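Undergrad:
Residue numbers (our numbering): 579 to 736.
1. How should residue 669 be labelled, buried or exposed, when 16 other C-beta atoms within 10 angstroms of its C-beta is the threshold for buried?
2. Between the C-alpha atoms of residue 682 and residue 627, what's the straight-line distance to the nearest angstrom?
3. What is the DSSP secondary structure of residue 683, counted as helix, strand or coil?
4. Out of 637, 703, 652 and 729, which one is the CA nearest neighbour of residue 658?
5. Out of 664, 709 and 713, which has the shortest C-alpha to C-alpha gap to residue 622?
6. Check for me: the beta strand (DSSP E) holding residue 661 runs from which residue to which?
7. At what residues does the beta strand (DSSP E) containing residue 643 begin and finish?
8. Should residue 718 be labelled buried (16 or more other beta-carbon atoms within 10 Å of its own) or exposed?
9. Going by beta-carbon coordinates alone, are residue 618 and residue 635 separated by less than 7 Å?
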């Protein structure tokens with residue numbers, strides 16, 4: 579127990595030692611984008627300097643392939659009243675979006691957002707998804723506890 583505490587304390591001080599070095603980097607530049615729509619945006623996924631995807635309320639997904647200079651707005655057919663709280667983009671054609679509450683759904687596009695396929699649906703009473711993340715084709719989604727147990731689903735094929 580004491581040895582574990584010592585190792586953790588050493589790691590903490592090592593991390594603190596390098597913080598001043600990182601503070602010397604140039605801060606990120608933030609540019610506000612206006613879609614011109616009355617939508618609440620909840621998720622963003624930046625693929626590279628050119629490609630970004632945004633998810634929001636009212637079944638809305640935005641995509642830019644020019645660094646945010648223009649945003650293409652898409653309404654996901656059949657999900658126009660859903661709130662997409664999270665999005666993960668793999669490239670300019672492939673993305674996954676998550677609608678949080680009963681029924682919780684996860685949809686995937688492979689054609690740039692022109693069509694979306696249902697990959698997960700869960701109508702469990704009290705269902706509310708919180709976040710998802712991917713590492714290549716491996717993914718995880720977590721949700722609020724149901725009957726005192728956290729909800730978790732995984733995939734190994736994206």
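C-beta: ideal position from N, C-alpha, C; glycine also. Predicted model only: the values in this text are computed from it and were never measured.
TA: Judging by the given coordinates:
1. exposed
2. Put simply, the backbone Cα of residue 682 is about 31 Å away from that of residue 627.
3. The answer is strand: DSSP assigns residue 683 an E or B state.
4. 637
5. 664
6. No residue range can be given for residue 661, since it is assigned to no beta strand (DSSP E) and is classified by DSSP as neither H nor E.
7. Note, residue 643: premise wrong, no beta strand (DSSP E); not H, not E.
8. That one is exposed.
9. A contact, by the Cβ cut-off of 7 Å.
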